[in-house]
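Numbering (our numbering), first residue to last: 1 to 114. Some notes on the structure that comes next.
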């Protein structure tokens, strides 16, 4: 139990190496029973704060050992929500202005009946 309390920053896979004969599933079960969840470190929270423009899926490589769902939950909890980038302005073509019908002007010496 003291190994779990003193190593709350380690993942279940890393703890399985320290506790031979225990599976990751068993370690996670004991953690849940005793409310010894893996804590979020200050630098992990800084990553969330500094990268609010990234989605949770894009943050997974920056936060190894943290699943996407957990990143989404902690973002809400610590109030560092995903900030959607501003949409790019759409280029709109000018509206079709109705054209005046063209009129032929009779010039001197020109025959309009070609």
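Don't be surprised by glycine CBs; every beta carbon is placed ideally from N, CA and C. Note that the structure is a prediction, hence the values are computed from the model and not measured.
Residue i, buried or exposed, once every other Cβ within 10 Å from all chains shown has been counted against 16
i           : result
residue 71  : buried
residue 106 : exposed
residue 27  : buried
residue 18  : exposed
residue 12  : buried
residue 59  : buried
residue 42  : exposed
Supposed contact pair residue j and residue i - C-beta distance, whole angstroms, cut 8 Å
i          : j          : result
residue 8  : residue 38 : 6 Å
residue 44 : residue 63 : 6 Å
residue 48 : residue 80 : 5 Å
residue 36 : residue 4  : 5 Å
Where residue i falls: helix, strand or coil (DSSP)
i          : result
residue 5  : helix
residue 22 : coil
residue 72 : helix
residue 36 : coil
residue 47 : helix
residue 27 : helix
C-beta neighbour in chain D for residue i, strict 8 Å
i         : result
residue 3 : The structure shown has no chain D; it contains just one protein chain.
(request) Give a yes or no on contact between the region 82-91 and the region 61-68, applying the rule of three or more CB pairs nearer than 8 Å. (result) no
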